[in-house]
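Engineer: Here this note's numbering is used: the first residue of the sequence shown is 3, the next is one more, and so on.
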Amino acid sequence: MGTLFDIHEIVNFAIQREQESLELYRTLAEQVQPQELKNIFLLLMEEERQHRVYYVGLLAALAQQADPSLQRDEEYDAYMRVLLDSGRISKTLPVDMENLQATIDYAIGREKDAVLFYTGLEQYVPAKDRETVRGIVREEARHIVKLTHIKAELLM
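#1: Quick check on this structure: which residue in Val-84, Gln-67, Glu-20 and Glu-155 has the alpha carbon closest to the alpha carbon of His-10?
#2: In angstroms with no decimal places, state the Cα-to-Cα distance between Gly-134 and Leu-123.
#3: Give a yes or no on whether the minimum CB-CB distance between Gly-59 and chain C is below 8 Å.
#4: How many Å lie between Thr-150 and Ala-129 at the Cα?
#5: Mind checking which residues open and close the alpha helix (DSSP H) that includes Tyr-56?
#6: Is Asn-101 helix, strand or coil by DSSP?
#7: Keeping to the same chain, check which residues put their C-beta closer than 7 Å to that of Arg-54; ignore five residues upstream and five downstream.
#8: Give every residue of the same chain whose Cβ lies closer than 8 Å to the Cβ of Ala-143, excluding the five residues on either side of it in the sequence, and list them in chain order.
#9: Within this structure, are the beta carbons of Lys-148 and Gln-103 separated by less than 8 Å?
#10: Let me know if Met-47 comes out buried or exposed under the rule of 16 or more other beta-carbons within 10 Å of its beta-carbon.
#11: Whole angstroms is fine: what's the gap from Glu-32's alpha carbon to Lys-40's?
#12: Return the CA-CA distance between Ala-65 and Ala-80, expressed in angstroms with no decimal places.
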């Protein structure tokens, strides 16, 4: 299978997704009533901010290793834009904020989507960059575990 995606594009996409997830958790924290749940979403928001900082640093490090032989074309750029836009969070959350389970399930689903997306992309990046993609997957998977534990604890 040929290389389709440049690792820089994937990290840029990760930065954008982290920003959108940060905004999602901020919105959830603002809209939920129980203080305990509000605190959980604030914590997740802070973790997304930290992930974003990590990815920005990773992108800077990757820029030092840029491959000048990579050529860009309009079709590739358009494809990457479609991928990015398809992952955007709607400004209107499709969950009932009064329903705690639905709210947490929505957040878990978003994190799962990220894991599936990056896992699927792994085979399309050069072998030398696959560990970077795996690192992104591990970061997203940590939130799935955290949200699943939170859901189990709060819904007992």
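Backbone N, C-alpha and C define an ideal beta-carbon position, used for all residues, glycine too. All values reported here derive from a predicted model rather than from experimental measurement.
Structural biologist: Quick answer:
#1: When only C-alpha atoms are compared, the closest one is Gln-67.
#2: Residue identity check: residue 134 is Thr in the sequence provided, not Gly. Whole-angstrom Cα-Cα distance: 11 Å.
#3: The structure shown has no chain C; it contains just one protein chain.
#4: 32 Å
#5: 37-65
#6: coil
#7: Ile-17, Glu-20, Gln-21 and Leu-24
#8: Glu-113 and Val-117
#9: no
#10: buried
#11: 7 Å
#12: 22 Å
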